[in-house]
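Working notes for the structure below.
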Amino acid sequence: MAYSQNYGSINSEQVPEVGFSGGPRSDVGKQMSELADSVFKRITKLGQFRSTLEQSQKLLGTSKDSQALRNKIQSVESNINQTVKSITVDLAEVKKYARNKQTDKAMKLQIEELTDNFKLNVEYCSKAQQAALEKLRTTYLPSEVEAMNASPNYEGGASYLQAGQTTAELRQATASLEFETGLLKEREQRIASIEKNVIDVNQIMQELGALVVNQGHDINSIYNATERTQVDVELGRKELEKGADYMTRRRKKNCFLLSIAVIAVFILAIVIALSLCEVRLGVVSNQLPFREQHRSIVVHSRRIQI
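Just so we're aligned, residue 316 is where the sequence shown starts under the working numbering, counting upward by one.
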């Protein structure tokens, strides 16, 4: 079924207007604000469409009734339906944004007011379309009325079954009947086409709700994925911190062991050096008595020679 919507009021009823404005927002918030403004403008445009529809349907069945007028009604209803369809999709997108926890309260309230006005005007437009459809069913074009009055088959006209009618008269009566049947068939087709454009309020609301729910599920999935990513990042950060702590402790341990090894080598070197010194001192000590003994022998030999 096609969709339609009107913005404004029926008779004297008034619908409050909702504008969208605010301070600096994020890029997404700015896009949603612009989209909400676009929805609001289209709802206002629907008000103009409905006003045209109401004014046109008042002319049905009068001397100002014409095929051009009825074509205009059908065109207006088609425009209404296309506009309602686009509003339904975009409004669902805006409502999806309103579910975000980061959306400011003022924006959420404006979106809710816009949604309420849209629902109200869908109902108004549905009533206007139904009224126009009923008027189309019960009224005829002046040309149609004239043709039916001139037809022998039309109630009040002369019956083509009357005795004494000539073949030419019967043919004329048959042609008139076929012409009348063609008019009625064309009329029924136009009415059926317009009937398809009448808003089904319940269907519009169900589709709007379904879009919001589906997009809400998408948002929840995104939020869940974001939360999981944040958890994974946090776990990764903790693992990196643990790894860094482990490497720091290991470096400290290696430095400590290396320091001990250096000290041990240094001490060992000192011990070895001292040991070598002691050995050398011992050798020197052992050589001193031998030299003294040798010297005594030499002195003694010299004395003997003398």
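Backbone N, C-alpha and C fix where the C-beta goes; we use that ideal spot for every residue, glycine too.
Residue i versus residue j: straight-line alpha-carbon distance, rounded
{"i": "ALA413", "j": "TYR455", "result": "49 Å"}
{"i": "LYS400", "j": "LYS410", "result": "15 Å"}
{"i": "PRO457", "j": "PHE364", "result": "26 Å"}
{"i": "LYS567", "j": "ASP342", "result": "49 Å"}
{"i": "ALA421", "j": "GLY344", "result": "12 Å"}
{"i": "GLN389", "j": "LEU368", "result": "9 Å"}
{"i": "ASN432", "j": "ARG385", "result": "29 Å"}
{"i": "ARG340", "j": "TYR439", "result": "Residue confidence is low: ARG340 scores 48 on pLDDT, short of 50, so the model does not pin down where it sits. No coordinate-derived value is stated."}
{"i": "MET347", "j": "LEU550", "result": "34 Å"}
{"i": "SER508", "j": "GLU392", "result": "10 Å"}
{"i": "SER381", "j": "ARG502", "result": "12 Å"}
{"i": "ASP560", "j": "ILE575", "result": "22 Å"}
{"i": "LEU573", "j": "LYS557", "result": "24 Å"}
{"i": "ALA525", "j": "ALA443", "result": "26 Å"}
{"i": "ALA584", "j": "LEU555", "result": "43 Å"}
{"i": "ASP533", "j": "ARG564", "result": "Because ASP533 carries a pLDDT of 46, less than 50, the predicted location of this residue cannot be relied on, and the following value inherits that uncertainty. Taking the straight line from one Cα to the other gives about 46 Å."}
{"i": "LEU424", "j": "MET562", "result": "54 Å"}
{"i": "ALA351", "j": "GLN521", "result": "20 Å"}
{"i": "LEU589", "j": "LEU596", "result": "11 Å"}
{"i": "ALA383", "j": "GLN370", "result": "14 Å"}
{"i": "THR418", "j": "ARG552", "result": "29 Å"}
{"i": "ASN569", "j": "VAL594", "result": "37 Å"}
Proximity to residue i [Cα-Cα], best of the options
{"i": "LEU406", "options": "GLU427, SER390, LEU361", "result": "GLU427"}
{"i": "GLN518", "options": "LYS434, LYS379, VAL577, ASP419", "result": "LYS434"}
{"i": "ILE402", "options": "VAL354, SER574, GLY558", "result": "VAL354"}
{"i": "THR398", "options": "THR377, GLU349, ASP380, THR359", "result": "THR359"}
{"i": "GLU461", "options": "LEU572, LEU596, SER378", "result": "SER378"}
{"i": "LYS500", "options": "GLU459, GLU349, MET520", "result": "GLU459"}
{"i": "SER366", "options": "LYS387, ASN569, GLU349, ALA383", "result": "LYS387"}
{"i": "ILE395", "options": "ASP419, GLN370, SER441, ALA383", "result": "SER441"}
Cut-off 6 Å between Cβ atoms - residues of its own chain near residue i, not counting five sequence neighbours on either side
{"i": "VAL450", "result": "It is Lys, not Val, that sits at residue 450 in the sequence shown. Excluding residues within five positions, the ones whose Cβ falls inside 6 Å are GLN372, LEU375."}
{"i": "ARG357", "result": "THR398, ILE402"}
{"i": "ALA579", "result": "none"}
Opening and closing residue of the alpha helix (DSSP H) in which residue i lies
{"i": "ARG357", "result": "342-372"}
{"i": "ASP405", "result": "382-413"}
{"i": "SER441", "result": "420-453"}
Residue i: CB within 7 Å of a non-hydrogen atom of the ligand ATP
{"i": "LEU350", "result": "This structure lacks the ligand ATP; in fact it carries no ligand of any kind."}
Cβ neighbours of residue i in the same chain (closer than 8 Å, five flanking residues each side left out)
{"i": "PRO331", "result": "Confidence is the limiting factor: at PRO331 the pLDDT is only 40, short of 50, which leaves the residue's position unreliable, though a coordinate-based value still follows. Excluding residues within five positions, the ones whose Cβ falls inside 8 Å are GLU428, ASN432."}
{"i": "ILE506", "result": "LEU448, LEU451, ARG452"}
{"i": "CYS592", "result": "none"}
Nearest-angstrom beta carbon gap, residue j and residue i [assumed within contact, 8 Å]
{"i": "GLN445", "j": "VAL513", "result": "6 Å"}
{"i": "LEU361", "j": "ASN436", "result": "6 Å"}
7 Å Cβ shell around residue i - same chain, five flanking residues per side excluded
{"i": "THR259", "result": "For the chain, the structure presents residues 316 to 621; residue 259 sits outside this window and is missing."}
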